[in-house]
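Below is one structure; the comments refer to it alone.
There are 2 protein chains.
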Amino acid sequence: MEFELSKEFRDRFQQALDERDNTFIVETLESVQSADISSLLYEFSSEESKYVLDILDKEVHAEIIRDLDSDTRKAFLKIYTPTEIAGVLNQLNSDDAADILHEVPVKAREEVLALIDADLRLQVVDLLRYEETVAGGLMAKELIKVRQGWTVNQCIEEIRKQAENVDKFYAVYVVDEVDRLIGRVSLKSLVLANAFKSVAEIMEEEEVVSVETYLEDTEVADIMQKYDLESVPVVNVNGQLVGRITIDDVVDVITEQAEEERQIMAGISEDVEEDDSVWRNIRARLPWLIIGILGGLMNAKFMGLFEAELMQVTAIAFFIPLIQATGGNVGIQSASIVVQSLANPSFVVEGLWTRLAKVFLVAMLNGVFLAGIVFGANVLLFTEFELSLTVSIALFSVVLFASFMGTVTPMALNYFGFNPALASGPFITTTNDLLGLTIYFFTVNLLLI
Amino acid sequence: MEFELSKEFRDRFQQALDERDNTFIVETLESVQSADISSLLYEFSSEESKYVLDILDKEVHAEIIRDLDSDTRKAFLKIYTPTEIAGVLNQLNSDDAADILHEVPVKAREEVLALIDADLRLQVVDLLRYEETVAGGLMAKELIKVRQGWTVNQCIEEIRKQAENVDKFYAVYVVDEVDRLIGRVSLKSLVLANAFKSVAEIMEEEEVVSVETYLEDTEVADIMQKYDLESVPVVNVNGQLVGRITIDDVVDVITEQAEEERQIMAGISEDVEEDDSVWRNIRARLPWLIIGILGGLMNAKFMGLFEAELMQVTAIAFFIPLIQATGGNVGIQSASIVVQSLANPSFVVEGLWTRLAKVFLVAMLNGVFLAGIVFGANVLLFTEFELSLTVSIALFSVVLFASFMGTVTPMALNYFGFNPALASGPFITTTNDLLGLTIYFFTVNLLLI
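Heads up: the protein sequence lines correspond to chains A and B, in order. Going by the UniProt record's numbering, the first sequence opens with residue 1, and the numbers climb by one from there. Going by the UniProt record's numbering, the second sequence opens with residue 1, and the numbers climb by one from there.
This is the structure we're talking about:
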């Protein structure tokens with residue numbers, strides 16, 4: 001069912017492009033979905049892609065531009081004139097048009113705005129007021145509003161009028177005389193209801209779930225997931241219906257959120273992909289690397305205090321990587337479990353102390369087990385009983401402390417309004433490296449020297 | 001708009017529960033959405049929750065059970081008799097009923113199956129054949145099939161007949177005489193079309209996107225995102241329509257996928273949450289910790305080879321944490337950028353060598369910068385010029401090697417069919433720790449001693 005891109009087809013298409021064989025291009029792509037045309041164009045240069053898009057149906061052209069990822073689109077639209085961009089936007093819904101305008105340089109933006117259809121311009125100007133990360137920035141203005149007193153037939157007439165503008169909809173929204181949202185009629189009820197019934201009769205009785213324009217996009221996603229909605233109406237502070245958000249936008253929010261969290265965990269400080277510029281790659285990566293380096297220098301300074309002990313028993317140094325790696329691993333595991341729990345509160349709500357007691361028990365058992373393995377291996381491999389015992393005791397303590405740090409850091413970050421996932425990144429590793437070293441040398445001092 | 005749970009309300013509700021004040025309970029919850037009732041019940045014991053659910057509307061009861069997360073539901077349904085479980089399943093769609101049956105112990109499963117409605121039983125038995133991670137395991141059997149020759153009116157009649165079973169739908173599917181999928185009519189077209197038009201006239205002309213029963217759930221999610229679908233029909237190997245998947249199920253797949261990746265990155269080997277048992281926590285965490293420990297022991301053994309050098313210049317040991325932490329951080333950053341690129345192939349497809357050249361350039365620049373900082377800091381803090389130079393050169397080399405490892409490991413894992421995210425976990429850190437140490441001592445040997 002999916003469109004397959006073969007080497008032969010690619011070559012044939014290149015030939016058609018070189019010969020400007022528009023008939024071949026248009027005919028081949030006629031029955032291909034726009035997402036597949038997009039994949040095909042990935043194989044050709046920007047200029048060639050634009051050549052193809054220009055001879056395709058205007059609507060298909062606009063859909064392909066809409067579905068590009070933001071960075072690619074920004075780069076691609078550089079070869080478009082403002083008039084061409086306006087032509088694309090005229091085919092799109094207000095939310096997509098506003099998203100694309102956000103990416104256009106400010107100067108060109110005014111020009112494009114002046115060139116698009118008046119209706120769309122009004123809607124887009126309204127949407128540009130909102131930040132892209134709140135409900136107002138996600139919503140589309142296109143929706144179907146009806147009144148309580150209308151009949152089903154009148155609703156269908158209204159849908160017919162709006163059908164060209166609103167390509168996807170799941171419900172019509174019922175508003176009062178000042179546009180305040182009071183109800184919702186699903187498309188299914190409209191299909192099934194008698195044509196002369198009134199909206200009031202078939203309107204959903206439960207309170208309609210809606211979101212306010214300033215709600216964070218991640219909260220919108222949570223609400224749509226919680227109530228299993230395919231679209232949600234957006235209201236302003238006066239309860240007036242101003243837009244609607246559909247599930248496909250929320251799927252994008254969820255995907256981006258997951259990507260952002262992965263970047264935080266990996267110690268990458270801004271959104272970066274492999275094909276971004278070298279400079280952007282470096283800028284995204286250096287900050288956490290420098291923090292790691294500073295941690296490393298502190299480690300070195302700290303070890304310097306124990307130079308005498310290290311000269312006495314060099315073997316002490318052998319186990320520093322073991323202690324630090326284990327501390328780092330335990331810390332990240334603990335932090336990540338807490339981050340997960342903060343994201344999905346569960347049925348059984350345990351008190352803070354019960355949770356910490358459990359963390360402590362898990363850490364104890366893990367610690368005993370790992371210290372046991374290391375003790376056994378050390379006695380066998382290095383046969384220095386006292387050092388082996390010291391290392392194992394230090395390891396056990398490090399597991400306990402790292403579990404504790406890994407558990408309370410994300411809770412504290414969350415409490416103070418930071419993203420708790422920060423704790424699963426290099427932050428916890430750098431802290432735990434220092435903590436591990438301190439515990440190790442403290443134990444060495446106490447037991448060995 | 002959302003239901004607020006206050007301390008006062010909780011106490012009042014507890015009182016109603018203690019007094020078995022059914023009138024209060026039913027009346028209070030009448031206009032509350034099932035997702036909010038769920039949040040409320042989180043505050044009470046299983047027995048109390050069940051008491052409330054039993055006196056609520058059967059459909060609401062079933063929805064609440066359906067929306068629980070799998071672990072919670074498994075625990076909660078233990079206090080249900082097979083007859084009660086069957087009562088719940090009778091209110092649900094076949095896909096949800098099958099998911100819940102998957103969680104019921106095999107013995108009880110047969111009993112429950114015997115007790116549910118005959119129609120649902122047939123559908124559920126069919127669905128139980130599929131693994132939960134393929135399209136067949138995600139799909140629901142409830143859908144509306146129509147024939148090309150039917151009129152719009154006949155379609156609406158069919159919808160009316162099925163309306164009770166199919167609660168959410170976005171389209172009706174057109175099949176031929178042997179049930180092979182040939183088209184799709186959106187609900188919007190049905191609403192807008194003249195009642196006497198035939199299905200053939202309003203059916204979508206483009207080929208309908210469908211998935212086969214054995215397709216992996218993550219691929220289903222990709223397809224639905226790519227084509228922006230709110231539902232997708234599922235066909236068997238003969239092209240016959242056997243079910244449909246809706247976007248809400250796919251949102252769950254995407255969320256779970258993100259969670260799984262976080263767990264892999266954090267070195268957690270099975271799905272575990274804070275409120276799981278201590279034993280399960282330990283089982284999920286120990287495997288990677290042990291691998292880390294083995295890596296640490298190898299580190300120790302390796303350093304043992306350089307005991308003489310370390311005794312000569314103890315300060316060599318000071319910089320091991322710095323070298324290893326940086327190697328680990330660089331490796332995880334690189335791996336995570338590759339994992340991201342593998343997940344979203346982009347417009348500009350660069351060849352393998354171009355990509356590696358860019359990775360190399362970024363690593364070079366990062367390396368020069370970090371080595372510079374460390375050299376400056378070392379000369380200032382430790383004033384040992386030769387050692388500072390050695391550490392900086394080793395650090396530079398470690399950054400290069402760790403970038404390379406971090407880049408090729410996920411590519412190789414992906415090539416051989418493993419999850420590339422494995423490379424962003426403790427795997428790469430453990431490997432890079434050893435690699436860093438080797439490079440460091442090699443440099444020390446070459447330049448210092």
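Even glycine gets a Cβ: it sits at the ideal position worked out from N, Cα and C. Everything numeric in this text was worked out from a predicted model, so none of it was measured.
S198/A does not reach chain B, its nearest Cβ partner there being about 17 Å away, counting only Cβ pairs nearer than 8 Å.
Taking every protein chain shown into account, the CB of I55/A has fewer than 16 other CB atoms within 10 angstroms, so this residue is exposed.
For L92/B, same chain residues with a beta-carbon under 7 Å away, outside a window of 5 residues either side, are A62 and R66 in chain order.
Two segments are said to touch when three or more pairs of C-beta atoms, one from each, lie closer than 8 Å; by this definition the segment 395-403 of chain B touches the segment 361-381 of chain B. For the segment 286-373 of chain B, there is no continuous beta strand (DSSP E) assignment of 3+ residues that stays within its boundaries. The closest CA to that of V408/A, considering only V391/A, W353/A and L434/A, is found on W353/A. For G292/B, the closest C-alpha among the options P105/B, E142/B, V209/B and I428/B is that of I428/B. With a 10 Å radius around the Cβ and a threshold of 16 neighbouring Cβ atoms, G376/A comes out exposed. In the three-state DSSP reduction, Q33/B falls in the coil class, being neither helix nor strand. Counting the other Cβ atoms within 10 Å of the Cβ of F441/A gives 16 or more, which makes it buried. By the criterion of a C-beta distance shorter than 6 Å, F319/B is surrounded in its chain by V391, once the five residues flanking it on both sides are discounted. Assignment of P82/B by DSSP, reduced to helix, strand and coil, places it in the helix class. For Q162/B, DSSP assigns no beta-bridge partner whatsoever. In this structure, N236/A is the residue among Y42/A, Y170/A, E386/A and N236/A with its C-alpha nearest to the C-alpha of D179/A. A Cβ of chain A is located within less than 8 Å of the beta carbon of F369/B. Around N281/A, the beta-carbon contacts reaching into chain B at under 7 Å are V362.
Chain-ordered, the chain A residues with CB closer than 9 Å to the CB of G295/B read P321, L322 and A325. Nearest CB-CB separation between I332/B and chain A: below the 8 Å threshold. If you check the CB distance, G406/B and S334/B come in under 8 Å. Contact between the segment 212-226 of chain A and the segment 126-137 of chain A is established, with three or more Cβ pairs separated by less than 8 Å. Three or more beta-carbon pairs separated by less than 8 Å are not found between the segment 284-304 of chain B and the segment 267-286 of chain A, which leaves the two stretches without contact.
Non-local C-beta neighbours of A315/A in its own chain, meaning closer than 8 Å and more than five positions away in sequence, comprise F382, E384 and L387, ordered along the chain. The beta carbon of L101/B lies closer than 6 Å to those of R109 in the same chain, with the five residues before and after it left out. The C-alpha of S46/B lies about 29 Å from the C-alpha of V250/B. Taking D21/A as the centre and dropping the five residues before and after it, the same chain places the C-beta of Q15 closer than 8 Å to its C-beta, in chain order. The segment 417-432 of chain A and the segment 322-336 of chain A touch, with three or more beta-carbon pairs separated by less than 8 Å. Here L434/A has G295, M298, N299 and F302 as same chain residues with Cβ atoms under 8 Å from its own Cβ, once five neighbours each way along the sequence are excluded. Closest option to T218/B, judged by alpha-carbon separation, among A258/B, I202/B, A35/B and A200/B: A258/B.
DSSP places Y130/A outside both helix and strand once states are collapsed to three, so it counts as coil.
Here W150/B has V199 as same chain residues with Cβ atoms under 6 Å from its own Cβ, once five neighbours each way along the sequence are excluded.
A distance below 8 Å separates the beta carbons of T326/B and L395/B. Taking all protein chains shown into account, Q312/B has fewer than 16 neighbouring C-beta atoms within 10 Å of its C-beta and is therefore exposed. Between E48/B and L17/B, the C-beta spacing is below 8 Å. Residues are counted here when their Cβ sits less than 7 Å from a Cβ of chain B; for the segment 381-413 of chain A these are L381, given in chain order. Residue K141/B holds the alpha-carbon nearest to the alpha-carbon of N165/B among T72/B, V191/B, Q324/B and K141/B. A171/A sits close to S186/A, with the two beta carbons spaced by under 8 Å.
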